[in-house]
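Peer 1: Would you mind keeping the following structure in view while I ask a few things?
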Amino acid sequence: MIFFTKGVVETVKKLNWSPDIIHLHGWFTALFPLYLKTYFGDEPLFADSKILSSIYEPNFQGVFSDKFYEKVSFDKIEDKHTNELKTADYSALTKIAIKHSDGIIMSSENLPEAVIEEIKQSKKPQLNFAESKDEEIYIKFYSKKF
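With positions in the sequence shown counted from 1, the corresponding number in our numbering is that position plus 28.
Below you can see the structure in the form of structure tokens.
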């Protein structure tokens, strides 16, 4: 995941493309908001970019290796941003994405209650599952919030 995240961001930098909105989908992209706001936080190309994460129901069980946290820490990202990754499971990755995103879309009607609560407590712009199916609401969300 770290290689994927850094590789995509470095590619965007090489293309000299400054995205207005970066819309991420699922747990595999959960590190993007963290890295864009911290590791790449001083990168001018992303200074005005807004990060939107679509959260889906858990489709993997288990926990990543204990070394996952160490590998993220290697990039000198402060512990206050990565503590959740000490137990790198679906819940931790989702919390990291929510914490560092500018907006959230609940893209499943079967999200764990703890994830829904985390999204609500974030007080960030959000769409629930029913709203995310309505094209007009989606367009207004993008237009007004970002």
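Even glycine gets a Cβ: it sits at the ideal position worked out from N, Cα and C. Values in this document were obtained by computation on a predicted structure and should not be read as measured data.
1. Can you tell which of K152, D107, L52 and S150 has the C-alpha that lies nearest to the C-alpha of F32?
2. Kindly list the residues whose CB is nearer than 6 Å to the CB of V37, restricted to its own chain and excluding five residues on each side of it in sequence; keep chain order.
3. Contact between the stretch 144-157 and the stretch 88-99 is defined here as three or more beta-carbon pairs at a separation below 8 Å; is this criterion met?
4. How close, in whole Å, do the beta carbons of A124 and E112 come, if the pair is a contact with beta carbons under 8 Å?
5. On the premise that I126 lies in contact with S82, defined as a C-beta separation below 8 Å, what is that separation, rounded to the nearest angstrom?
6. Taking the alpha-carbon of N87 as reference, which of I144, I147, D117 and G35 has the nearest alpha-carbon?
7. Cα-Cα, which of L43, W55 and D76 is closest to S136?
8. Are I61 and S129 close, meaning C-beta to C-beta below 8 Å?
9. In whole angstroms, what separates the C-alpha of E106 from that of F169?
10. Which residues in the same chain as S150 place their Cβ atom closer than 6 Å to its Cβ, once the five residues preceding and following it in sequence are excluded?
Peer 2: Looking at the atomic coordinates:
1. Per the C-alpha coordinates, the member of K152, D107, L52 and S150 positioned closest to F32 is L52.
2. Excluding residues within five positions, the ones whose Cβ falls inside 6 Å are F68.
3. As far as the Cβ criterion goes, the stretch 144-157 does not touch the stretch 88-99, which means the pair count is below three.
4. According to the sequence provided, residue 124 is Ile. The question's Ala does not apply to it. The Cβ separation is near 6 Å, so the contact holds.
5. About 11 Å separates the two Cβ atoms, so there is no contact after all.
6. D117
7. W55
8. The identity of residue 61 in the sequence shown is Pro, whereas the question assumes Ile. In this structure, S129 lies closer than 8 Å to P61 by Cβ.
9. 32 Å
10. I126
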